Amino acid sequence: GQNIDQPTEMTATEGAIVQINCTYQTSGFNGLFWYQQHAGEAPTFLSYNVLDGLEEKGRFSSFLSRSKGYSYLLLKELQMKDSASYLCAVRAGGAAGNKLTFGGGTRVLVKP
Amino acid sequence: DGGITQSPKYLFRKEGQNVTLSCEQNLNHDAMYWYRQDPGQGLRLIYYSQIVNDFQKGDIAEGYSVSREKKESFPLTVTSAQKNPTAFYLCASSRQGSGNTIYFGEGSWLTVV
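Take a look at the structure:
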């Protein structure tokens with residue numbers, strides 16, 4: 001089976017840094033994705049990790065440790081528009097194909 | 001413009017009715033997916049299709065049906081057997097291959113009245 005855990009909610013101040021953790025237990029592993037979702041809108045792709053280490057994309061970075069079943073998304077220089085839900089998703093691969101299994105999402109509130 | 005188009009954006013259903021949500025993509029993607037999202041929750045997979053004329057059940061397929069007669073189209077029918085259909089429905093697509101990103105349509109809101 002698949003189990004993906006992330007905190008429900010986090011609050012941070014504009015200009016600060018926030019780290020969103022994601023732990024997973026899946027029957028296989030073929031990549032981990034992070035998506036951003038504003039309320040009432042579709043998720044948009046942020047990052048993809050398949051090998052251990054850090055992937056950096058502007059203000060957003062994502063880290064993966066396959067041996068620990070752990071990832072985090074780091075948001076730097078927070079802006080008000082970063083207030084959204086952040087979804088961690090794992091691709092098991094193999095017979096499961098390309099489908100993604102999602103965690104419950106972490107709602108981030110950025111305060112002035 | 002390339003993308004994934006879902007319609008309608010908002011749909012109201014009476015109890016006991018079947019309704020069909022449309023999903024069309026012009027990205028030439030082989031794989032398509034339907035997810036359901038309840039308020040404040042993550043996404044749960046209903047059905048997915050990796051190739052035309054083939055599809056598989058996801059985690060919550062009961063009360064739903066799909067077809068994949070064309071590569072571009074993957075309609076979802078919410079049947080009267082689905083007891084709690086009020087939710088946000090998201091269609092998505094991707095290329096085949098493990099590293100390929102899944103892209104989402106704008107979503108459809110279904111409410112039972």
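In the order they appear, the protein sequences are chains P and H. Following my numbering, the numbering of the first sequence begins with 1 at its first residue and continues without gaps. Following my numbering, the numbering of the second sequence begins with 1 at its first residue and continues without gaps. Glycine residues also receive a C-beta, built at the ideal position from the N, C-alpha and C atoms. Note that the coordinates shown come from a computational prediction; the quantities given were computed from them, not determined experimentally.
**Best match in H/Leu27, H/Ala31, H/Gln50, H/Ile46 for proximity to H/Leu21 [C-alpha to C-alpha]** = Position 21 of the second sequence, counting from 1, holds the residue named residue 21 of chain H. Of the candidates H/Leu27, H/Ala31, H/Gln50, H/Ile46, the one whose C-alpha sits nearest the C-alpha of H/Leu21 is H/Ile46.
**Item:** Chain-ordered residues of the stretch 65-96 of chain H with a beta carbon less than 7 Å from chain P
**Value:** Of all residues in the stretch 65-96 of chain H, only Leu90, Ser94, Gln96 place a beta-carbon less than 7 Å from a beta-carbon of chain P.
**Local conformation of P/Gly53 per DSSP, three classes** = Position 53 of the first sequence, counted from the start, is the residue given in the question as residue 53 of chain P. It is a strand residue.
**Message:** At the 8 Å Cβ level, is P/Tyr24 part of the contact set with chain H, yes or no?
**Reply:** For this step, residue 24 of chain P is matched to residue 24 along the first sequence. At a cut-off of 8 Å between beta carbons, P/Tyr24 makes no contact with chain H.
**Asked** DSSP three-state call for P/Ala89: helix, strand or coil?
**Response** Here residue 89 of chain P is taken as the residue at index 89 of the first sequence, counted from 1. If DSSP states are grouped into helix, strand and coil, P/Ala89 belongs with the strands.
**Prompt:** Beta-carbon of H/Gln25 versus every beta-carbon of chain P: anything under 8 Å?
**Reply:** Counting from one through the second sequence, the residue named residue 25 of chain H turns up at place 25. No, because no Cβ of chain P sits closer than 8 Å to the Cβ of H/Gln25.
**Closest by C-alpha distance to H/Ile51, when choosing among P/Asn49, P/Lys111, P/Gly104, P/Asn98** = The count along the second sequence starts at 1 and reaches residue 51 of chain H at position 51. Selected option, being the one with the closest Cα: P/Asn98.
**Prompt:** Can you name the residues of chain H whose CB is closer than 7 Å to the CB of P/Ala42?
**Reply:** The count along the first sequence starts at 1 and reaches residue 42 of chain P at position 42. What P/Ala42 touches in chain H: Leu90, Phe104, Gly105, Glu106, Gly107.
**Prompt:** Are the beta-carbon atoms belonging to H/Ser108 and H/Lys14 less than 8 Å from one another?
**Reply:** By one-based count along the second sequence, residue 108 of chain H stands at place 108. By one-based count along the second sequence, residue 14 of chain H stands at place 14. Not closer than 8 Å, so no.
**Asked** Taking all protein chains shown into account, do 16 or more other C-beta atoms lie within 10 angstroms of the C-beta of P/Ile17, making it buried, or fewer, making it exposed?
**Response** What you label residue 17 of chain P is simply residue 17 of the first sequence in a count that begins at 1. Exposed is the call here.
**Message:** Please report the straight-line C-alpha distance between P/Glu56 and P/Met10, rounded to a whole angstrom.
**Reply:** Within the first sequence, numbered from 1, the residue matching residue 56 of chain P stands at position 56. Within the first sequence, numbered from 1, the residue matching residue 10 of chain P stands at position 10. C-alpha separation (whole angstroms): 21 Å.
**Prompt:** Counting pairs of beta carbons, one from the stretch 95-104 of chain H and one from the stretch 26-42 of chain H, are three or more of them closer than 8 Å?
**Reply:** Touching, yes.
**Request:** Please name the residue, chosen from P/Ala84, P/Phe60, P/Tyr86, that lies closest to P/Leu74 on a Cα-to-Cα basis.
**Result:** As a first step, residue 74 of chain P is located in the first sequence; it is residue number 74 there, counting from the start. Checked all of P/Ala84, P/Phe60, P/Tyr86; the closest Cα to P/Leu74 is P/Phe60.
**Asked** Secondary structure at H/Asp38, three-state DSSP: helix, strand or coil?
**Response** Here residue 38 of chain H refers to the residue found at position 38 when the second sequence is read from its first residue. Correct three-state label for H/Asp38: coil.
**Request:** Taking only beta carbons into account, state which residues of the stretch 12-46 of chain H come closer than 7 Å to chain P, listed in chain order.
**Result:** Cβ contacts with chain P come from Ala31, Tyr33, Gln41, Gly42, Leu43, Leu45.
**Message:** Do H/Tyr64 and H/Thr86 count as a contact pair if the criterion is CB distance below 8 Å?
**Reply:** By one-based count along the second sequence, residue 86 of chain H stands at place 86. By one-based count along the second sequence, residue 64 of chain H stands at place 64. With contacts defined as CB atoms closer than 8 Å, H/Thr86 and H/Tyr64 fail to qualify as a contacting pair.
**Prompt:** Between the stretch 78-93 of chain P and the stretch 31-40 of chain P, do three or more beta carbon pairs fall short of 8 Å?
**Reply:** Yes, they touch.
**Asked** Does the beta carbon of P/Leu54 come closer than 8 Å to any beta carbon on chain H?
**Response** Looking up residue 54 of chain P in the first sequence gives position 54. Using beta-carbon distances, P/Leu54 does not count as an interface residue toward chain H, since no partner is under 8 Å.
**Beta-carbon spacing of P/Asn30, P/Arg91 below 8 Å** = For the purposes of this step, residue 30 of chain P is taken as residue 30 along the first sequence, with counting starting at 1. For the purposes of this step, residue 91 of chain P is taken as residue 91 along the first sequence, with counting starting at 1. Cβ atoms of P/Asn30 and P/Arg91: closer than 8 Å.
**Request:** Consult DSSP for H/Asp30 and reduce its assignment to one of helix, strand or coil.
**Result:** By 1-based counting over the second sequence, the position of residue 30 of chain H is 30. H/Asp30: coil per DSSP, three-state reduction.
**Request:** Count the other CB atoms, across all protein chains shown, that sit within 10 Å of the CB of H/Gln17; report buried if there are 16 or more and exposed otherwise.
**Result:** As a first step, residue 17 of chain H must be located in the second sequence, where it is residue number 17. Label assigned to H/Gln17: exposed.
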